[in-house]
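Single-structure report; data block below.
Residue numbers (our numbering): 7 to 334.
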């Protein structure tokens, strides 16, 4: 439909420009200006984008078993933050893709398909921790009864789904089909979108862990919701930031004193303070590319208006929030 409108508009524009040349009339000039405006609008509507569908760590907010101040108010008001996920949207084809199937899959799918008016064309998984793949169950017989939904997975993730119930039932009855991913191997989504998985070090009890690089004809975005430490990665995060337009990075914990009752070595993540110190020598233009995401319920940065969020922004970094849109 967009293609038809675009080409019809183009033909009308050519006709009016020729009319202007012949008559040099004010009326023809006005018509030409109007068509140029519509022409530009339709063209801009074809630009792909990334939409943030959730910002919380696997347990969401409020968090199971939590009666601390960070959750107490939300239990009473019914407010919440969805688990971290992003949607990739190509308005030209009306297609969309999810990165990760979270416990909030139902709401996130609704946003993509009904608010953004797209058709879900596939799900890309980062790893086998509950906030990133458990939403696949919604595709099963008990809920959607989906037919051959493409699920993109790395080799160990594929093996995990194949060998364990209830995930293998999704495969055996055809609710999903797994598409193989390879480290650093780019995959074409559409004529204007590509995606590339890359391995990152994380607690890989059941599968490997990947981040994703999403690329259009003009811009790129890096998504790394989970990583143990930047120093453990075989890539230089400084260089990665320099060569991308946007970076959504692991912001699970703000600082080391956040959850004193837990052994932090069992759940390693780069603290936001740590990442900011590491990248502080970057100029402000490059720091502004960075958006922290995947906040634990205990992380004060999960509240976009908190003093901690303001501190992050004062250092020229950013805090992701649901609904944030990155034009590619």
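All C-beta atoms in this analysis are idealised placements derived from N, C-alpha and C, irrespective of residue type, glycine included. As the structure is a prediction and not an experimental result, all values here were calculated from the model.
Pick from 179, 136, 144: whose alpha carbon is nearest that of residue 163?
136
Rounded to whole angstroms, what is the Cα-Cα separation between residue 270 and residue 52?
45 angstroms
Residue 222 versus residue 100: straight-line alpha-carbon distance, rounded:
15 angstroms
For residue 113 versus residue 78, is the C-beta distance shorter than 8 angstroms?
no
Quick check: what's the CA-CA separation for residue 83 versus residue 68?
11 angstroms
Reducing DSSP to helix, strand and coil, say where residue 47 ends up.
Here the model assigns residue 47 a pLDDT of 49, short of 50, so the residue's position is not dependable, and the following value carries that caveat. Note: residue 47 maps to helix in three-state DSSP.
Meets three-Cβ-pair contact criterion under 8 angstroms: the region 311–325 and the region 203–218
no
C-alpha gap between residue 334 and residue 55, whole angstroms
5 angstroms
When the cut-off is 8 angstroms and only beta carbons count, does residue 267 lie next to chain B?
Checking the listed chains, one finds no chain B in this structure; it contains a single protein chain.
Leaving aside the five residues before and after residue 279 along the sequence, list all residues of the same chain whose C-beta is less than 7 angstroms from its C-beta, in chain order.
260, 261
Excluding the 5 residues flanking residue 102 on each side, which residues of the same chain have their C-beta closer than 8 angstroms to its C-beta?
93, 94, 95, 96, 118, 119, 122, 124, 125, 126, 127
Compare the Cα-Cα distances from residue 182 to each of 157, 328, 253, 59 and report the closest residue.
157
Integer-rounded CB distance, given that residue 228 should sit under 8 angstroms from residue 253:
5 angstroms
Under 7 angstroms Cβ to Cβ from residue 226, same chain only, skipping five residues before and after it: list those, please.
219, 220, 250, 251
Answer yes or no: do residue 106 and residue 138 have a C-beta to C-beta separation smaller than 8 angstroms?
yes
What's the C-alpha gap between residue 199 and residue 239?
26 angstroms
Quick check on the burial criterion: 16 or more other C-beta atoms within 10 angstroms. Buried or exposed for residue 60?
buried
Beta strand (DSSP E) runs wholly inside the region 210–243, at least 3 long, in chain order:
216–222, 226–230
Please report the Cβ distance between residue 204 and residue 189, rounded to the nearest whole angstrom; I am assuming they are in contact, meaning their Cβ atoms lie under 8 angstroms.
6 angstroms
DSSP state of residue 259, grouped into three classes?
coil
Short of 8 angstroms in beta carbon distance, which residues of its chain neighbour residue 246, apart from the five on each side in sequence? Order them along the chain.
228, 253
Grouping DSSP H, G and I as helix and E and B as strand, with all else coil, what is residue 149?
coil
Quick one: Cα of residue 194 to Cα of residue 72, how far?
42 angstroms
According to the neighbour-count rule (16 or more other Cβ atoms, all chains shown, within 10 Å of its Cβ), is residue 129 buried or exposed?
buried
At 4 residues or longer, what runs of the alpha helix (DSSP H) sit wholly inside the region 165–207?
173–178
Own chain, CB closer than 6 angstroms to residue 13, minus 5 neighbours either side, in chain order:
Only weak support exists for where residue 13 lies, its pLDDT of 47 falling under 50; the coordinates are left without a value.
Three-state secondary structure (DSSP) at residue 161?
helix
Out of curiosity, what's the CA-to-CA distance linking residue 147 and residue 174?
12 angstroms
To the nearest whole angstrom, what separates the beta carbons of residue 152 and residue 303, a pair I think is in contact under 8 angstroms?
That belief does not hold up - the Cβ atoms of residue 152 and residue 303 are roughly 30 angstroms apart, past 8 angstroms.
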